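Asker: Heads up, the sequence shown is in the UniProt record's numbering, so the first residue is 1 and it goes up one at a time.
For glycine and all other residues, C-beta sits at the position ideal for the given N, C-alpha and C.
Just so you know, these numbers come straight off a predicted model, no measurement behind them.
To start, I am sharing the structure in question, which I have written as structure tokens.
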Amino acid sequence: MQGAAAEGRSRASPDQADEESAKKPRLDLPDARVKQELVAGGGEGSPIVAAPAPYSPREELAVRIDKRLLHCHLCTLPFKPPVFQCKAGHLACGVCVAQLPCGQCKACVDGGGFFDPCPALDAVVSSTRIECPNPGCTRYVTYHEVADHQTACPHAPCRCTEPGCGYVGAPQALAGHLHTVHSVPVRALQYGKASQLRLPVSTPRLVLLGDDDNRVFLLTVGALGAGVTAVSVVCARASAATRPRFACKMWVNLVAASCGKEDMVLVDMHMRSSSSPGAVVAAGEPTFLMVPPMYLVPAAAAGDGDGAASMEVPLYIRIDKLSPWSDALV
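Quick look at the structure:
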């Protein structure tokens, strides 16, 4: 009877088998970003379980620490891998160890303190991150890379170079400061398209704002002598900033009344960055546009007797934002 009952259970109908299968608990996998595999047990009917994850998700913890612990006592610079430790526990960065006679620790009295790599501290140093000190930047940077990041950070402060002004702020804030405090005109600029500007010789500066990113450019006008005018442009940002790169073309056309032929003076250049835009006069820039006096035109609102101060530069300017692919070709 027991055998028959067992046989009967083994020959359960397909509907009963489906019903029993539906009653089995389902396996809910964790977050899809963690790869999991299903593995079966030893025999038929064994439960299906999740294989151990190949790695654990990163867990971060905000802590306060004496920053002196993250600095080399020999050069006082932040530790960066590889970090070395002597048998007595003294630490030194790899640059300092390379300069020590025979690689021995100077702090050890017996002179037998040889330095060995310290992988544990390497891991701590590599994972220690702080928020960029520049206002407006929300990036967290590895501690020993903060100084390098600040020199190229798009939010690095720029300095106003108007005489007697000590204002310092982010590039966009500097543009607002120049406009409201020093009455510097501001114009919008569309990348990849030529813009026509009428630059009064008497107005030495003009702020240009990129249309899609509010990038700040400062156009400077200055005299070279003999009636020649110099025009230059820089990007207001940290001097070491390399991305994105910009190319600029500036030109002025001249139409000869006798034959109607159009001549031009043109400059094609890569944009320079400066955290003190305007500190260098137009003619002091590595590349600038030289405009002969016959290319100047009278200002539209000029009155009689205004003289050279009423002349304008009929400038065309085009700024292109270079892609990473085009940067690779430079």
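Can you tell me whether DSSP reads H177 as helix, strand or coil?
Answerer: It is helical.
Asker: H182: beta carbon under 6 Å from a heavy atom of the ligand MN?
Answerer: As for the ligand MN, it is missing from this structure, which has no ligand bound.
Asker: Have a look at C137 and M311 and give me their C-alpha separation to the nearest angstrom.
Answerer: Answer to the nearest angstrom: the Cα atoms are 42 Å apart.
Asker: Three or more C-beta pairs under 8 Å: does that hold for the region 156 to 175 against the region 188 to 203?
Answerer: Not touching, per the Cβ criterion.
Asker: What is the DSSP secondary structure of C96, reduced to helix, strand or coil?
Answerer: Looking at C96 - three-state DSSP - the assignment turns out to be helix.
Asker: Considering only their Cβ atoms, is the gap separating M250 from I317 smaller than 7 Å?
Answerer: For I317 and M250, yes; Cβs fall inside 7 Å.
Asker: Do F288 and A230 have their C-beta atoms within less than 7 Å of each other?
Answerer: Cβ atoms of F288 and A230: closer than 7 Å.
Asker: Could you tell me whether the Cβ atoms of C96 and F115 are closer together than 7 Å?
Answerer: Against a cut-off of 7 Å, the Cβ pair of F115 and C96 comes out as no contact.
Asker: My guess is that P81 and D122 are in contact by the Cβ rule of under 8 Å, so how many angstroms apart are they, rounded?
Answerer: Rounded, the Cβ-Cβ distance is 4 Å, consistent with contact.
Asker: Can you tell me whether DSSP reads V184 as helix, strand or coil?
Answerer: Correct three-state label for V184: coil.
Asker: Give the secondary structure of D148 by DSSP, where H, G and I count as helix, E and B as strand, and everything else as coil.
Answerer: Reduced to three states, the DSSP call for D148 is helix.
Asker: Is the region 209 to 227 in contact with the region 123 to 135, if contact means three or more CB pairs nearer than 8 Å?
Answerer: Result no; under three Cβ-Cβ pairs closer than 8 Å.
Asker: Considering only their Cβ atoms, is the gap separating R272 from V234 smaller than 7 Å?
Answerer: Their beta carbons are under 7 Å apart, which means V234 touches R272 by this criterion.
Asker: Excluding the five sequence neighbours on either side, which residues of its own chain have a C-beta within less than 6 Å of the C-beta of V281, listed in chain order?
Answerer: The answer, listed in chain order, is G222.
Asker: My understanding is that P293 touches G227, with C-beta atoms under 8 Å, so please give their C-beta distance in whole angstroms.
Answerer: The pair is a contact, with the Cβ atoms about 3 Å apart (cut-off 8 Å).
Asker: Is it true that the CB of Y191 sits closer than 7 Å to the CB of I65?
Answerer: Contact: no.
Asker: Whole angstroms is fine: what's the gap from Q99's alpha carbon to E145's?
Answerer: The alpha-carbon atoms of Q99 and E145 are separated by roughly 22 Å.
Asker: Quick one: what does DSSP say S323 is sitting in, helix, strand or coil?
Answerer: Looking at S323 - three-state DSSP - the assignment turns out to be coil, as it is neither helix nor strand.
Asker: Compare the Cα-Cα distances from P314 to each of M264, H90, T76, F246 and report the closest residue.
Answerer: The candidate whose alpha carbon is nearest that of P314 is M264.
Asker: Enumerate in chain order the residues of its own chain whose CB-to-CB distance from residue 332 is below 8 Å, with the five nearest sequence positions on each side excluded.
Answerer: What the structure shows of the chain is the stretch from 1 to 330, and residue 332 is not part of that stretch, so it cannot be assessed.
Asker: Apply the 10 Å Cβ neighbour rule to C160 and answer buried if 16 or more other Cβ atoms are within range, or exposed otherwise.
Answerer: Buried is the call here.
Asker: Taking T142 and T128 to be in contact with their CB atoms under 8 Å, please state how far apart those CB atoms are, rounded to whole angstroms.
Answerer: About 7 Å separates the two Cβ atoms, so the contact holds.
Asker: What is the DSSP secondary structure of Q190, counted as helix, strand or coil?
Answerer: Coil at Q190, not helix or strand.
Asker: When burial is assigned at 16 or more other CB atoms within 10 Å of the CB, is L219 buried or exposed?
Answerer: Counting Cβ neighbours within 10 Å, L219 comes out buried, since at least 16 surround it.
Asker: In whole angstroms, what separates the C-alpha of C93 from that of S183?
Answerer: Approximately 51 Å, taken between the alpha carbons.
Asker: Which class does M271 belong to by DSSP, given the choice of helix, strand or coil?
Answerer: Coil at M271, not helix or strand.
Asker: Got a sec, what are the start and stop residues for the beta strand (DSSP E) S126 sits in?
Answerer: Looking at the DSSP string, S126 is not in any beta strand (DSSP E); the run it does join, the alpha helix (DSSP H), is 119 to 127.
Asker: Measure the beta-carbon distance from P238 to C153 and round it to whole angstroms, keeping in mind my assumption that it falls under 8 Å.
Answerer: This sequence places Ala at residue 238; Pro is not what is there. Confirmed, Cβ separation roughly 6 Å.
Asker: Are the beta-carbon atoms of A188 and L206 separated by less than 7 Å?
Answerer: Their beta carbons are not under 7 Å apart, which means A188 does not touch L206 by this criterion.
Asker: Going by CA-CA distance only, name the one from A299, A88, V267, A279 that's closest to V291.
Answerer: Considering only alpha carbons, the answer is V267.
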